[in-house]
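**Student:**
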Amino acid sequence: MLICATCAVERDEPLPDLCPICTDERQYVPEDGQRWLTLDGLSGEGHKVTTTENEPGLFGLSTGPKVGIGQTAQLVVTPAGSLLWDPVGFVDDAAVEAVLAQGPVLAIAASHPHMFGVQVEWSHRLGNVPVLVSEADRQWLGRHDPAIQTWSGSKTITEGLTLHQTGGHFPGSAVAHWAAGAEGEGVLLTGDSVFPNPDRTSVAFMRSYPNRLPLSGAVALRIAAQLGTLQFNRIYGNFNNVIADRARDVLQASAERHAAWCRGDFDHLT
Ligand SMILES: [Zn+2]
Ligand SMILES: [Zn+2]
């Protein structure tokens, strides 16, 4: 198994010349070309996983120095066990110990293929726990394993913790809804289909972030309508970007603004 240096998604050998995830229009191969990494090589360079408590029962796991895209994974801890969401592209014994210190892991799931990280490696080290992959995005898997289980629509991990397929950034893009989060008002963990912006009062809906390719207004409104049926007050993105409160209102208003710009309502401002 090797890891793409740009997206940090694990891949079986024989390796392709270029990472398929990075050659897709949503990503990019850097100017200095394709590079593949190993876990031992990353350990030797001093990479580690650091854990931060975001709120009671929710921990962020990030790589430092960052590996690949450098997302922050989320560990959602419930009385029945944990969900590891958007797993990072590196794992070592200390990281596994930190995760298991919060109890057994029920499943690993990613919001979309850019966030697969070394999900199968995490599974093996956590006792071969299921790796849940959206059926619509299984073609993007770089590493195949019996631990992988595909799903569509919605998938309950345990009571109060459910995955919902929204589509958008990828057809299989998903969010995780954690009902007990935000002091019982509910939390959404999102990937790139709903991206909390730096202003902390709006979210973006994009097919590509690095290459600045928006989703349509209709898709933004569809995602907001679907997620509007859930109870939540806070959204965590996967880069420590958070809508701390009133997140349902923020999501709806952002989708309406996005659709209005796509329609040309604000062309007089351009
Ligand atoms: Zn890649
Ligand atoms: Zn993405």
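Under my numbering, the first residue of the sequence shown carries the number 70, and numbering increases by one thereafter.
Yeah, the Cβ is synthetic: ideal placement off N, Cα and C, and Gly gets one too.
Quick caveat, the model's predicted, so the values are computed rather than measured.
Does the Cβ of Thr121 have 16 or more other Cβ atoms within 10 Å, making it buried, or fewer, making it exposed?
**Tutor:** That one is exposed.
**Student:** Beta-carbon separation of Gly137 and Cys76 under 8 Å?
**Tutor:** Cβ distance < 8 Å, so Gly137 and Cys76 count as in contact.
**Student:** Under the assumption that Ser271 contacts Val319 (Cβ atoms under 8 Å), give the Cβ distance between them as a whole number of angstroms.
**Tutor:** With 8 Å as the limit, Ser271 and Val319 qualify as a contact, their Cβ atoms being about 6 Å apart.
**Student:** Mapping DSSP to helix, strand and coil, what is Pro265?
**Tutor:** DSSP places Pro265 in strand when its eight states are reduced to three.
**Student:** Taking Ala94 as the reference, which of His183, Arg303, Gly133 has the closest Cα?
**Tutor:** Residue identity check: residue 94 is Glu in the sequence provided, not Ala. Glu94 has its Cα closest to that of His183, out of His183, Arg303, Gly133.
**Student:** In the DSSP assignment, find the unbroken alpha helix (DSSP H) run with Gly129 in it and report its ends.
**Tutor:** Element bounds for Gly129: not the alpha helix (DSSP H) but the beta strand (DSSP E), 127-133.
**Student:** Using a Cβ-Cβ distance under 8 Å, would Val78 count as near chain C?
**Tutor:** Among the protein chains of the structure shown there is no chain C, as only one such chain exists.
**Student:** Given a cut-off of 8 Å, decide if Pro283 and Cys331 are closer than it, judged by their beta-carbon atoms.
**Tutor:** Yes. Within cutoff.
**Student:** What does DSSP give as the partner residues of Met184 in its beta bridges?
**Tutor:** Bridge partners of Met184: none, in fact.
**Student:** If you compare alpha carbons, which of Gly196, Thr235, Asp155 is closest to Glu166?
**Tutor:** Closest option to Glu166, Cα to Cα, is Gly196.
**Student:** Can the beta-carbon of Leu257 be found closer than 8 Å to that of Ile304?
**Tutor:** Contact: yes.
**Student:** Measure the C-alpha to C-alpha separation of Thr191 and His116 and round it to an integer number of angstroms.
**Tutor:** This sequence places Trp at residue 191; Thr is not what is there. Cα to Cα, Trp191 sits roughly 16 Å from His116.
**Student:** If you draw a straight line from the C-alpha of Asp314 to the C-alpha of Val78, how long is it?
**Tutor:** When rounded, the distance between both Cα atoms is 32 Å.
**Student:** Let me confirm a value: Thr235 is counted as buried when at least 16 other C-beta atoms fall within 10 Å, else exposed. Which label applies?
**Tutor:** By the neighbour-count rule (16 or more Cβ atoms within 10 Å), Thr235 is buried.
**Student:** Check the DSSP bridge columns for Ser283 and list the partner residues they point to.
**Tutor:** Per the sequence shown, the amino acid found at residue 283 is Pro instead of Ser. DSSP, once it has assigned bridges, lists Met275 as partnering Pro283.
**Student:** From Thr231 to Leu106, what distance separates their C-alpha atoms?
**Tutor:** If you take the alpha carbons of Thr231 and Leu106, they lie about 33 Å apart.
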